[in-house]
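**Student:**
Number of protein chains: 2
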Amino acid sequence: MAKAASSKPSESYAPTMVDVALRAGVSTMTVSRALKEGGRVSKATREKIMVAVNDLGYVLDQSAGSLSSRKTGFVAAMVPSLNNSNFADTARGITDELESTGLQLLLGYTDYTVEKEEKLIEAMLRRRPEGIILTGGAHTDRARRLLKSAGIPVVETWELPVKPIDQVVGFSNEEAMGLLVKTLARKGYRKFGYIGGTTSRDTRGSQRREGFVRAIEELGLPTGRLVSFGVPPISIEQGGQAVVSMLERWPDTQAVLCVSDLSAFGALMECKRRGMRIPQDIAIAGFGDYEVAAFCHPGITTVNVDCYGIGQQAARRLIQVIRGDEKRHGQEIVLTGYRVVEREST
Amino acid sequence: MAKAASSKPSESYAPTMVDVALRAGVSTMTVSRALKEGGRVSKATREKIMVAVNDLGYVLDQSAGSLSSRKTGFVAAMVPSLNNSNFADTARGITDELESTGLQLLLGYTDYTVEKEEKLIEAMLRRRPEGIILTGGAHTDRARRLLKSAGIPVVETWELPVKPIDQVVGFSNEEAMGLLVKTLARKGYRKFGYIGGTTSRDTRGSQRREGFVRAIEELGLPTGRLVSFGVPPISIEQGGQAVVSMLERWPDTQAVLCVSDLSAFGALMECKRRGMRIPQDIAIAGFGDYEVAAFCHPGITTVNVDCYGIGQQAARRLIQVIRGDEKRHGQEIVLTGYRVVEREST
DNA sequence: GCTCTCGGTGATATCGATAACATATCGAAG
DNA sequence: CTTCGATATGTTATCGATATCACCGAGAGC
Chain E
8 MAKAASSKPS ESYAPTMVDV ALRAGVSTMT VSRALKEGGR VSKATREKIM
58 VAVNDLGYVL DQSAGSLSSR KTGFVAAMVP SLNNSNFADT ARGITDELES
108 TGLQLLLGYT DYTVEKEEKL IEAMLRRRPE GIILTGGAHT DRARRLLKSA
158 GIPVVETWEL PVKPIDQVVG FSNEEAMGLL VKTLARKGYR KFGYIGGTTS
208 RDTRGSQRRE GFVRAIEELG LPTGRLVSFG VPPISIEQGG QAVVSMLERW
258 PDTQAVLCVS DLSAFGALME CKRRGMRIPQ DIAIAGFGDY EVAAFCHPGI
308 TTVNVDCYGI GQQAARRLIQ VIRGDEKRHG QEIVLTGYRV VEREST
Chain L
8 MAKAASSKPS ESYAPTMVDV ALRAGVSTMT VSRALKEGGR VSKATREKIM
58 VAVNDLGYVL DQSAGSLSSR KTGFVAAMVP SLNNSNFADT ARGITDELES
108 TGLQLLLGYT DYTVEKEEKL IEAMLRRRPE GIILTGGAHT DRARRLLKSA
158 GIPVVETWEL PVKPIDQVVG FSNEEAMGLL VKTLARKGYR KFGYIGGTTS
208 RDTRGSQRRE GFVRAIEELG LPTGRLVSFG VPPISIEQGG QAVVSMLERW
258 PDTQAVLCVS DLSAFGALME CKRRGMRIPQ DIAIAGFGDY EVAAFCHPGI
308 TTVNVDCYGI GQQAARRLIQ VIRGDEKRHG QEIVLTGYRV VEREST
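Structure (structure tokens):
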């Protein structure tokens, strides 16, 4: 023990627990206990230790600690993108929920591709997270295998996967979009158009489109007015371009539904730029209830999703499983709410 | 060695490197080398090992590795909020730049307070990051001490701190806002108002306000038209409320400059809602060049900041110092660019 | 008084990898 | 034929903490 202290006579870097222990005149085990929440240490000893900790500027090394305790205190989460405020909200919900537990979030961006997700999952697993939160239910086979053999709880969010890996916290994008169509149909709109991205890599986008198509069919309304524009996530600008394309092909479209509020906002602004009246000439609705949808003029009708709550509940689910040690819990599906928010744009 | 394998006869959890080594008939050291980039291992051996790795579904445990190599591969970054797309862009720049190096980002939110920042820094340091990126130059004394004794490179971003800790990647918010004032003054506006948050905890906001005040004074224009509204970050909604307050007190204001594009957008929408013509009745400008500023109608004049580049360069700076081992580098100040983007709102 | 329990503390053995040094093999150089 | 150097691999000793068990003293219960 004395070796560490004498070989490095306070000469330079990072003091270790041994240094603290020597200075406080106790064993490292006692220091370890004093720095833990529930550690049983007498008040006097704890004070001595704290003095030593402060004098030395000691900061606990968790990477060492997690090796012996076999608990890293990490939780990994993958979102498609953080530049999308919906997912930023979810990430926020996760972080807030984890904060009090001392768990640290490892955050990654998948860029909406399962390939990048697979790589990220592998990179994250090297850090031995105690749980992992994914966005959506589409994953590569290898990713599924990696997750399975990691033996940690997994939460899939933002969707209701057909074949869930483990836990789920989400909602049916299909139903949510269907509800929007039906709400607008009740207001009298009949010729509906839909704007979304081109590829199917954004599974939530595809599900919303399916929900749109199905609802239109069920209601017996004119079908086929679908514009795909740009690689998801479709931007404000692309929303504007897409609505132009929509109006060229189907000029009599009465209501345009967009895969997200961003594209809806782009469409709205483009229509205004062209002197169209909203919603008299054309109604526009989005999805996600972004802040911009609420405060732009006219406000955009949309579907509000509990983004923050999704993150919060996903994290809570994980914490339950992680901290509720051993007790093997069943798979659980948590449905989060959504609601249509009607504004002036429809 | 055989112990580990025999005591747990492939019975359950996470295989270790020993299991791989046994299966491949080599030592753990060889496995370790095979899994590393520059590891010198014969082709045949590497293949044997990879087979074993795949058979077992082995994933390297970096928390163990970083203990012996004394390199965690973590970089910590603190941003005020991820729900602000400017900072999300910066986070994105950091992540992208780190990706190829194998460094993993630990991201935290300070909520615009130095107290939360201090706590976060401490929590991050427990993970022994090899470098740390901060937003702004305001920190508690304790945070400064912690960083100093951690002995790792620090990059402060988004500002030009008066007393930098180490590296800096940023720009002068004061000058940038001053440039905006001068640009608009050249167009003939004389009665300028400023909208920002109430407290000074958002140092960048304060600097922008100072830049505004100073520029107005230098140009000899009417002073004093300052509205503070809401706790930073000031939202779209608060921007709308603030502009109302501005118009009540100083109805003849010709141009309103806002601390960010979000508040500018709120102000713009509120003015339109009231039937005002932009920019004839009132001109509005923001800061940050958010996507919404470019595509709303009318487009909002703003100051474009290289958010992504700030993150990228901050990360690059860290990587240079971290990987350019030992060679003690000097403190460096990297100035990032900004430019006024004139749109229809002025 | 004597066991029993429990709070407080220390000694020791890991956790799973890698650094550093040692060793073995083989061909080229002298 | 010996020596040297490069390449491939193994052995041993940590890295910095914590789990686990052992120990000791003090008050409680009988």
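Protein chains in written order, with our numbering: chain E, 8 to 353; chain L, 8 to 353. Every residue, glycine too, gets a C-beta built ideally from N, C-alpha and C. Keep in mind the model is a prediction, meaning the values are calculated, not measured.
For the candidate residues Thr-190(L), Glu-339(L), Pro-258(L) and Gly-200(L), whose alpha-carbon lies nearest to that of Arg-346(L)?
**Tutor:** Here residue 346(L) corresponds to residue number 339 of the second sequence, with the count starting at 1. Nearest of Thr-190(L), Glu-339(L), Pro-258(L) and Gly-200(L) to Arg-346(L), Cα basis: Thr-190(L).
**Student:** Give a yes or no on whether the minimum CB-CB distance between Asp-332(E) and chain L is below 9 Å.
**Tutor:** Against the first sequence, residue 332(E) aligns to sequence position 325. The predicted position of Asp-332(E) is uncertain, since its pLDDT is 48 and thus under 50; no value can be drawn from it.
**Student:** What residues are listed by DSSP as bridge partners for Thr-164(E)?
**Tutor:** For the purposes of this step, residue 164(E) is taken as residue 157 along the first sequence, with counting starting at 1. Beta-bridge pairing links Thr-164(E) to Thr-142(E) and Val-176(E).
**Student:** Output the distance between the C-alpha atoms of Asn-93(L) and Glu-244(E), rounded to the nearest integer angstrom.
**Tutor:** The residue you call residue 93(L) lines up with position 86 of the second sequence. The residue you call residue 244(E) lines up with position 237 of the first sequence. Asn-93(L) and Glu-244(E): Cα-Cα distance of roughly 18 Å.
**Student:** Excluding the five sequence neighbours on either side, which residues of its own chain have a C-beta within less than 8 Å of the C-beta of Arg-323(E), listed in chain order?
**Tutor:** The sequence position of residue 323(E) within the first sequence is 316, counting from 1. For Arg-323(E), where only same-chain residues beyond five positions count, the Cβ hits under 8 Å are Glu-104.
**Student:** Using Cβ-Cβ distances below 8 Å, what residues of the region 232-245 of chain E are close to chain L?
**Tutor:** Result list: Ser-242, Ile-243 and Glu-244.
**Student:** What do you get for Gln-111(L), buried or exposed, if any count of 16 or more other CB atoms within 10 angstroms of its CB means buried?
**Tutor:** Within the second sequence, the letter at position 104 stands for residue 111(L). By the neighbour-count rule (16 or more Cβ atoms within 10 Å), Gln-111(L) is buried.
**Student:** Among residues of its own chain, excluding the 5 on either side of Ser-213(L), which ones have a beta-carbon nearer than 7 Å to its beta-carbon?
**Tutor:** The residue given as residue 213(L) occupies position 206 in the second sequence. Closer than 7 Å at the Cβ level, and outside the excluded window around Ser-213(L), lie Ser-207.
**Student:** Going along the chain, which residues of its own chain have a beta-carbon closer than 7 Å to the beta-carbon of Val-27(L), five neighbours each way excluded?
**Tutor:** Working through the second sequence from its first residue, we reach residue 27(L) at position 20. Cβ neighbours of Val-27(L) beyond the five flanking positions: Val-38, Ile-56, Ala-59, Val-60, Leu-63 and Tyr-65.
**Student:** Tell me the DSSP bridge mates of Cys-265(E)?
**Tutor:** Against the first sequence, residue 265(E) aligns to sequence position 258. Cys-265(E) is bridged to Ile-202(E).
**Student:** From the DSSP output, which residues share a beta bridge with Tyr-345(L)?
**Tutor:** Within the second sequence, residue 345(L) is the residue found at index 338, counting from 1. Answer by DSSP bridge pairing, in chain order: Val-312(L).
**Student:** What are the start and end residues of the alpha helix (DSSP H) that includes Ala-21(E)?
**Tutor:** Reading the first sequence from its first residue, position 14 is the one you call residue 21(E). Careful: Ala-21(E) lies outside any alpha helix (DSSP H) and carries neither H nor E.
**Student:** Among all the DSSP beta bridges, which residues are the ones paired with Phe-81(L)?
**Tutor:** The residue you call residue 81(L) lines up with position 74 of the second sequence. DSSP, once it has assigned bridges, lists Gln-111(L) as partnering Phe-81(L).
**Student:** Roughly how many whole angstroms lie between the Cα atoms of Glu-18(E) and Asp-148(L)?
**Tutor:** Residue 18(E) sits at position 11 when you count from the first residue of the first sequence. Residue 148(L) sits at position 141 when you count from the first residue of the second sequence. Caution is warranted here: a pLDDT of 39 is assigned to Glu-18(E), below 50, making its placement in the model unreliable, and no coordinate value can be reported.
**Student:** Can you tell me whether Ser-3(E) is buried or exposed, with buried defined as 16 or more other CB within 10 angstroms of its CB?
**Tutor:** Outside the displayed span of chain E (8 to 353) sits residue 3(E), for which this structure offers no information.
**Student:** Kindly indicate if chain E contains any beta-carbon less than 9 Å away from that of Ser-352(L).
**Tutor:** As a working note, residue 352(L) is residue 345 in the second sequence. It does not; no Cβ of chain E falls within 9 Å.
**Student:** Grab me the residues of Thr-308(L)'s own chain with a C-beta within less than 6 Å of its C-beta, minus the 5 sequence neighbours each way, in chain order.
**Tutor:** One-based indexing of the second sequence puts residue 308(L) at position 301. A distance below 6 Å between beta-carbons, with the five flanking residues on each side excluded, links Thr-308(L) to the following residues of its chain, in chain order: Ala-292, Glu-349, Arg-350, Ser-352 and Thr-353.
**Student:** Would you decide whether Glu-230(E) is buried or exposed? Buried here means 16 or more other CB atoms lie within 10 Å of its CB.
**Tutor:** Taking the first residue of the first sequence as position 1, residue 230(E) is located at position 223. At residue 230(E) the sequence reads Thr, which differs from the Glu that was named. By the 10 Å Cβ count, Thr-230(E) comes out exposed.
**Student:** Comparing C-alpha positions only, which one of Glu-137(E), Leu-141(E) and Glu-106(E) sits nearest to Met-131(L)?
**Tutor:** The residue you call residue 131(L) lines up with position 124 of the second sequence. Of the listed residues, the one whose Cα sits closest to Met-131(L) is Glu-106(E).
**Student:** Determine the burial state of Ile-239(E): buried for a count of at least 16 other Cβ atoms within 10 Å of its Cβ, exposed for fewer.
**Tutor:** Taking the first residue of the first sequence as position 1, residue 239(E) is located at position 232. In the sequence under discussion, the amino acid at residue 239(E) is Pro, which differs from the Ile named in the question. Buried, since its Cβ has 16 or more Cβ neighbours within 10 Å.
**Student:** Determine the DSSP secondary structure at Val-328(L), reduced to helix, strand or coil.
**Tutor:** Numbered from its first residue, the second sequence carries residue 328(L) at position 321. DSSP, reduced to helix, strand and coil, places Val-328(L) within a helical segment of the structure shown.
**Student:** Can you tell me whether DSSP reads Thr-117(L) as helix, strand or coil?
**Tutor:** Your numbering for residue 117(L) matches position 110 in the second sequence. Three-state result, Thr-117(L): coil.
**Student:** In whole angstroms, what separates the C-alpha of Ser-242(L) from that of Lys-78(L)?
**Tutor:** Locating residue 242(L) in the second sequence gives position 235, where the first residue counts as 1. Locating residue 78(L) in the second sequence gives position 71, where the first residue counts as 1. Distance between the alpha carbons of Ser-242(L) and Lys-78(L): 41 Å.
**Student:** Looking at Glu-181(E) and Gly-218(E), is the spacing between their C-beta atoms short of 9 Å?
**Tutor:** Sequence index remark: in the first sequence, residue 218(E) carries index 211 (1-based). Sequence index remark: in the first sequence, residue 181(E) carries index 174 (1-based). A contact, by the Cβ cut-off of 9 Å.
**Student:** Measuring only the C-alpha atoms, how far is Ile-329(E) from Glu-137(E)?
**Tutor:** Indexing the first sequence from 1 puts residue 329(E) at position 322. Indexing the first sequence from 1 puts residue 137(E) at position 130. Cα to Cα, Ile-329(E) sits roughly 7 Å from Glu-137(E).
**Student:** Leaving out five residues before and five after Arg-30(E) in sequence, what residues of the same chain have Cβ atoms less than 6 Å from its Cβ?
**Tutor:** For the purposes of this step, residue 30(E) is identified with residue 23 of the first sequence, where counting begins at 1. So the list reads Ala-59, once near-sequence residues are dropped.
**Student:** So which residues on chain L does Tyr-119(E) lean against when the C-beta distance must stay under 9 Å?
**Tutor:** Residue mapping note: residue 119(E) aligns to position 112 of the first sequence, counting from 1. None at all; the shortest Cβ gap to chain L is about 14 Å.
**Student:** On the three-pair Cβ rule with 8 Å, is the region 261-274 of chain L touching the region 194-202 of chain L?
**Tutor:** Yes, the region 261-274 of chain L is in contact with the region 194-202 of chain L.
**Student:** So Glu-104(E) contacts chain L; which residues on that side make the cut at Cβ distance below 9 Å?
**Tutor:** For the purposes of this step, residue 104(E) is taken as the residue at position 97 of the first sequence. Within chain L, no residue comes near Glu-104(E); the closest Cβ sits about 13 Å away, beyond 9 Å.
**Student:** I'd like to confirm the pairing. Which residues does DSSP put opposite Ser-235(E) in its beta bridges?
**Tutor:** As a first step, residue 235(E) is located in the first sequence; it is residue number 228 there, counting from the start. DSSP output for Ser-235(E) lists Gly-203(E) as bridge partner(s).
**Student:** Are Ala-145(L) and Val-310(L) touching if we call contact CB-CB under 9 Å?
**Tutor:** The residue labelled residue 145(L) in the question sits at position 138 within the second sequence. The residue labelled residue 310(L) in the question sits at position 303 within the second sequence. No, the pair does not count as a contact, with Cβ atoms beyond the cut-off.
**Student:** Have a look at Cys-303(L), Val-161(L) and Arg-133(L) and flag the residue whose alpha-carbon is nearest the alpha-carbon of Ala-6(L).
**Tutor:** The structure shown does not extend to residue 6(L), since chain L is modelled only from 8 to 353, so the question has no answer here.
**Student:** Below 8 Å on C-beta distance, what does Asp-96(L) contact in chain E?
**Tutor:** Here residue 96(L) is taken as the residue at index 89 of the second sequence, counted from 1. Residues of chain E passing the Cβ test: Asn-90.
**Student:** List the whole-angstrom C-beta distance separating Gly-109(E) from Arg-211(E), where the pair is believed to meet the contact cut-off of C-beta under 8 Å.
**Tutor:** Position 102 of the first sequence holds residue 109(E). Position 204 of the first sequence holds residue 211(E). Rounded, the Cβ-Cβ distance is 32 Å, inconsistent with contact.
**Student:** Can you name the residues of chain L whose CB is closer than 9 Å to the CB of Gly-273(E)?
**Tutor:** Along the first sequence, read from residue 1 onward, the residue named residue 273(E) stands at position 266. Contact note: Gly-273(E) reaches chain L through Phe-302, using a C-beta cutoff of 9 Å and chain order.
**Student:** Taking the Cβ atom as the reference point for each residue, do Phe-302(L) and Met-276(E) lie within a distance shorter than 9 Å?
**Tutor:** Translated into positions along the second sequence, residue 302(L) becomes position 295. Translated into positions along the first sequence, residue 276(E) becomes position 269. Yes, they are a contact pair.
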